[in-house]
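>
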């Protein structure tokens, strides 16, 4: 079964990218100029080893005997 992983870059790295010489399109607008074209990039995205594990176990039961997913989907009761 195919799946998709979306990875996000750190905002500071996008700002540094926009400050590069000969950049024709920028994606950020900030008034303070804390970051320059030669600023160090910060680690972002998938850091370290990544494992994709397929589980066939049933979800755990809550104290009521129902699955935890059903507990999360219940709307809290409110009274005024």
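Residue numbers (this note's numbering): 9 to 88. Glycine included, each C-beta is placed from N, C-alpha and C at the ideal position.
Counting only C-beta atoms, is residue 55 closer than 8 Å to chain D at any point?
No chain D appears in this structure, which consists of one protein chain only.
> If you compare alpha carbons, which of 11, 23, 67 and 18 is closest to residue 50?
Against the chain shown, residue 50 aligns to sequence position 42. Cα-wise, what sits closest to residue 50 is 18.
> Please state whether the Cβ-Cβ distance between residue 43 and residue 23 is less than 8 Å.
Numbered from its first residue, the chain shown carries residue 43 at position 35. Numbered from its first residue, the chain shown carries residue 23 at position 15. Yes, Cβ-Cβ distance for residue 43 and residue 23 is below 8 Å.
> Please say whether residue 36 and residue 46 have beta carbons closer to each other than 8 Å?
Residue numbering aside, residue 46 sits at position 38 when the chain shown is read from its first letter. Residue numbering aside, residue 36 sits at position 28 when the chain shown is read from its first letter. For residue 46 and residue 36, no; Cβs fall outside 8 Å.
> DSSP puts residue 7 in a beta bridge; with which residues?
Since the first residue of the chain shown is 9 and the last is 88, residue 7 is not available in this structure.
> For residue 11 and residue 29, I'd like the C-alpha separation in whole angstroms.
Locating residue 11 in the chain shown gives position 3, counting from the first residue. Locating residue 29 in the chain shown gives position 21, counting from the first residue. If you take the alpha carbons of residue 11 and residue 29, they lie about 37 Å apart.
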